[in-house]
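Asker: In terms of full-length UniProt numbering, the sequence shown opens at residue 1 and continues consecutively. We treat Cβ as the ideally placed atom computed from N, Cα and C, and that holds for glycine.
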Amino acid sequence: DFQRQLNSLHNNEAFYREQQAALENHLSRQNSYQNLALKEQQAAFQHQIATNFRQAAAAEEYRHQETNAFNREREELEHRPLPSSYYREAPPPPQKLRLVHSHKHFHPARITIRTNNDW
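1. By the DSSP assignment, the alpha helix (DSSP H) with Arg4 in it spans what residues?
2. Measure the alpha-carbon distance for Pro94 versus Ser85 and round it to whole angstroms.
3. Give me the Cα-Cα distance between Ala56 and Gln46, rounded to the nearest whole angstrom.
4. Helix, strand or coil for Tyr87, going by three-state DSSP, please let me know.
5. Which value, in whole angstroms, describes the spacing of the CA atoms of Asn68 and Glu78?
6. Would you kindly work out how many angstroms separate the C-alpha atoms of Ala90 and Ala58, rounded to a whole number?
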């Protein structure tokens with residue numbers, strides 16, 4: 001009877017060990033799948049990061065080019081003479097003083113419209 005119990009105990013132990021081994025095998029397989037998925041995800045992330053970085057670098061480069069072009073254009077413009085519309089009109093050429101104008105300098109308020117009858 002004791003021997004029989006011992007045998008069944010051994011059998012149980014063997015069964016449990018088998019189950020344990022199967023479970024561990026299953027878990028390790030699942031783990032490797034998960035690891036693979038994680039690695040793939042990581043690779044995808046890294047690819048995305050690299051893409052973003054490249055895009056940012058390209059945008060920065062474009063901005064530099066634009067800035068340089070703008071600065072070049074501005075420097076070219078700085079050496080160009082100013083348009084004539086920028087300068088004030090020259091004062092009228094000096095004329096012989098007429099009797100009617102007792103004022104040497106014209107101020108807009110002093111200028112009167114005269115007709116032939118007024119002379």
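Answerer: Checking against the coordinates, here is how it stands:
1. Within the sequence shown, the letter at position 4 stands for residue 4. Note, Arg4: alpha helix (DSSP H), Phe2 to His79.
2. Taking the sequence shown and counting its residues from 1, one reaches residue 94 at position 94. Taking the sequence shown and counting its residues from 1, one reaches residue 85 at position 85. Rounded to the nearest angstrom, the two C-alpha atoms are 23 Å apart.
3. By one-based count along the sequence shown, residue 56 stands at place 56. By one-based count along the sequence shown, residue 46 stands at place 46. Approximately 15 Å between the Cα atoms of the pair.
4. Here the question's residue 87 lines up with position 87 in the sequence shown. Looking at Tyr87 - three-state DSSP - the assignment turns out to be coil, as it is neither helix nor strand.
5. Here the question's residue 68 lines up with position 68 in the sequence shown. Here the question's residue 78 lines up with position 78 in the sequence shown. Cα-Cα distance, rounded: 15 Å.
6. Your numbering for residue 90 matches position 90 in the sequence shown. Your numbering for residue 58 matches position 58 in the sequence shown. Spanning the two alpha carbons is a distance of roughly 53 Å.
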